[in-house]
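Here the numbering used here is used: the first residue of the sequence shown is 737, the next is one more, and so on.
Backbone N, C-alpha and C define an ideal beta-carbon position, used for all residues, glycine too.
Following: one structure in structure tokens, then a few remarks.
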Amino acid sequence: MVDGNFKDLTVSVSFPKDVKVADTLIQQIVEDSIKKVSEKEKVTISKEHITIKIEKY
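The structure is reproduced here in structure tokens:
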């Protein structure tokens, strides 16, 4: 899930506790999400304004 505005952006990644997900896969999901938002809205998002939440349920 991606949420926020042009000043602050939150990217949430959720997956079941019993599923093993590589850190590199989570990183790629977050990077792809940020890239899609940046391209769609034609804005530059700086790393200082990004919050990443990784949740296991």
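In the three-state scheme derived from DSSP, where H, G and I count as helix and E and B as strand, Lys783 is classed as helix.
The C-beta distance from Ile770 to Val749 rounds to 12 Å, too long to fall under 8 Å, and the pair is not in contact.
For Val749, the uninterrupted beta strand (DSSP E) segment begins and ends at Leu745 to Phe751. The beta carbon of Ile790 sits closer than 7 Å to those of Val749 and Ile762, all from its chain and outside the five residues before and after it, given in chain order. The three-state reading of DSSP puts Lys776 in helix, counting H, G and I together.
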